[in-house]
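Enquirer:
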Amino acid sequence: MLVEAVYLKYNYDFRDYTGASQKRRVLVALREMDCATVSELQAKVLHQPEAFSQLLQYLTIPVSEMFRDPEYFAAIRSQVVPHLRTYPSLKIWVAGCSTGEEVYSLAILLHEEGLLERTMLYATDINPVSLDAARRGVFPLDRMRLFTENYQKSGGKRAFSDYYTAAYGGALFERMLVENVTFADHSLATDSVFSETHFVSCRNVMIYFDKPTQRAILGRLVQHLADDGLLYTGHSENYLHAADLIQPCGRTLYRRAAKAGA
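End of the sequence shown sits at 362 in the numbering used here; the numbers just go up one at a time, nothing left out.
1) Look up LEU141 in the DSSP assignment and say whether it is helix, strand or coil.
2) From the DSSP output, read off the bridge partner residues of GLU205.
3) Check whether the region 170-189 and the region 252-259 touch, using three or more Cβ-Cβ pairs below 8 angstroms as the test.
4) Going by DSSP, what residues sit across from CYS302 in a beta bridge?
5) At a cut of 8 angstroms, does the region 222-236 reach the region 320-336 through at least three beta carbon pairs?
6) Using 8 angstroms as the cut-off, can you tell me whether the region 303-313 makes contact with the region 103-120, which would need three or more C-beta pairs spanning the two stretches below that distance?
7) With a threshold of 6 angstroms on Cβ separation, who are the neighbours of GLY237 within its own chain once the five nearest residues in sequence on each side are excluded?
8) Compare the beta carbon distance of ARG177 and GLU213 with 8 angstroms and say whether it is the shorter of the two.
9) Given this structure, state the Cα-to-Cα distance separating VAL145 from ILE346, to the nearest angstrom.
10) Output the boundary residues of the alpha helix (DSSP H) element that contains ALA172.
11) Under 8 angstroms between the Cβ atoms of HIS324 and LEU277?
12) What residues match up with GLY380 in a beta bridge as DSSP calls it?
13) I need the DSSP call for ILE317, collapsed to helix, strand or coil.
14) Examine the Cβ distances between the region 255-267 and the region 183-198 and report whether three or more of them are shorter than 8 angstroms.
15) On the CB-based measure, 16 or more other CB atoms within 10 Å of its CB, does MET306 come out buried or exposed?
16) Helix or strand or just coil, what does DSSP make of PHE114?
17) Less than 8 angstroms between the C-beta atoms of PHE299 and VAL180, yes or no?
18) With distances taken Cα to Cα, identify the nearest neighbour of GLY269 among PRO240, ARG320, VAL281, ARG245.
19) Answer yes or no: do LEU108 and VAL126 have a C-beta to C-beta separation smaller than 8 angstroms?
20) Taking all protein chains shown into account, do 16 or more other C-beta atoms lie within 10 angstroms of the C-beta of ARG185, making it buried, or fewer, making it exposed?
21) Is the beta carbon of ALA105 closer than 8 angstroms to that of GLN157?
22) Is LEU231 near VAL203, with beta carbons less than 8 angstroms apart?
23) How is the alpha helix (DSSP H) around TYR251 delimited, first residue to last?
24) Over the uninterrupted alpha helix (DSSP H) stretch that includes GLN154, give me the two end residues.
25) Can you tell me which of the three DSSP states LEU130 falls into?
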């Protein structure tokens with residue numbers, strides 16, 4: 101089976117992703133990578149690392165919108181930022197950062213709230229092609245109108261155009277936004293998590309895992325949350341099955357349950 105072979109060869113684990121979603125992506129990969137059968141695709145991926153990197157583009161879904169879900173960023177300003185101000189230095193993790201739109205959005209928000217300079221921000225993803233795009237920080241100019249609207253709705257305090265210049269055929273975002281950002285290859289399913297973090301944003305990533313895998317990932321996440329650290333998840337995710345691990349303190353905002361930290 102393709103996903104089993106990928107796991108054994110590359111330690112990227114898609115075995116617990118939902119079946120229907122996974123099948124759709126494999127079919128797209130077959131078409132785009134010019135393979136007639138799954139067996140042909142598997143052989144290609146196992147013998148050509150560059151083909152594996154290409155496959156990851158289809159097995160993972162890049163999110164390509166800055167300040168996506170403006171109410172999420174508005175809630176960070178109103179609910180999370182006051183809490184983060186209580187720490188002299190911060191570690192923040194964007195898990196599943198895709199091509200970097202959320203990372204740059206969060207960096208802009210932290211900059212406007214006076215927190216960016218004392219924040220170490222980790223941005224991770226399973227897809228190396230997406231990570232390269234995130235590091236470059238160049239986004240299509242024709243998306244700037246939408247990104248600007250999202251930014252304004254989220255409570256942005258400046259002109260969005262202050263943060264980018266036209267370059268390299270797109271909008272190049274200011275390098276100061278990512279001076280303290282570490283971009284890294286990371287699989288939530290198989291890799292350990294970072295040392296103590298104060299805020300984790302893990303949105304719309306866990307929906308591709310079954311509930312036992314979600315619990316395992318949540319268990320690792322909360323173990324490494326700082327005291328009173330916060331976890332933000334996607335609006336389509338439900339963690340009633342993990343009430344012993346995390347407790348809600350806002351819409352899709354959680355903190356570690358008391359007994360989970362024992």
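From the three backbone atoms N, C-alpha and C, an ideal C-beta is built for every residue, glycine too.
Expert: Taking the geometry as given:
1) Counted from its first residue, the sequence shown places residue 141 at position 41. In this structure, LEU141 counts as helix in the three-state DSSP scheme.
2) For the purposes of this step, residue 205 is identified with residue 105 of the sequence shown, where counting begins at 1. Rather than Glu, the amino acid found at residue 205 in this sequence is Ser. Paired residue(s): none; SER205 is not in a bridge.
3) yes
4) Walking along the sequence shown from the start, residue 302 turns up at place 202. Answer by DSSP bridge pairing, in chain order: THR333.
5) no
6) yes
7) Within the sequence shown, residue 237 is the residue found at index 137, counting from 1. PHE273, listed in sequence order.
8) Within the sequence shown, residue 177 is the residue found at index 77, counting from 1. Within the sequence shown, residue 213 is the residue found at index 113, counting from 1. A contact, by the Cβ cut-off of 8 angstroms.
9) Residue 145 sits at position 45 when you count from the first residue of the sequence shown. Residue 346 sits at position 246 when you count from the first residue of the sequence shown. Each residue's alpha carbon lies about 38 angstroms from the other.
10) As a position in the sequence shown, residue 172 is number 72, starting the count at 1. Sequence inspection shows Tyr at residue 172; the Ala mentioned does not correspond to that position. Segment 170-175, the alpha helix (DSSP H) holding TYR172.
11) For the purposes of this step, residue 324 is identified with residue 224 of the sequence shown, where counting begins at 1. For the purposes of this step, residue 277 is identified with residue 177 of the sequence shown, where counting begins at 1. Contact: no.
12) Outside the shown range of the chain (101 to 362) lies residue 380, about which nothing can therefore be said.
13) Along the sequence shown, one-based indexing puts residue 317 at 217. It is helical.
14) no
15) As a working note, residue 306 is residue 206 in the sequence shown. So MET306 counts as buried.
16) In the sequence shown, residue 114 corresponds to position 14, counting from 1. Residue state, collapsed to three classes: coil.
17) Here residue 299 refers to the residue found at position 199 when the sequence shown is read from its first residue. Here residue 180 refers to the residue found at position 80 when the sequence shown is read from its first residue. Result yes, Cβ atoms of PHE299 and VAL180 sit closer than 8 angstroms.
18) By one-based count along the sequence shown, residue 269 stands at place 169. Of PRO240, ARG320, VAL281, ARG245, the residue nearest in Cα terms is PRO240.
19) Working through the sequence shown from its first residue, we reach residue 108 at position 8. Working through the sequence shown from its first residue, we reach residue 126 at position 26. It is not a contact, given that the beta carbons lie outside the stated cut-off.
20) Within the sequence shown, the letter at position 85 stands for residue 185. Exposed is the call here.
21) Numbered from its first residue, the sequence shown carries residue 157 at position 57. Numbered from its first residue, the sequence shown carries residue 105 at position 5. Going by C-beta atoms, GLN157 is not nearer than 8 angstroms to ALA105.
22) Counting from 1 along the sequence shown, the entry for residue 231 is found at position 131. Counting from 1 along the sequence shown, the entry for residue 203 is found at position 103. No.
23) Here the question's residue 251 lines up with position 151 in the sequence shown. That run of the alpha helix (DSSP H) goes 244-253.
24) As a working note, residue 154 is residue 54 in the sequence shown. Here the alpha helix (DSSP H) through GLN154 covers 149-159.
25) Stepping through the sequence shown from its first residue, residue 130 is reached at position 30. DSSP places LEU130 in helix when its eight states are reduced to three.
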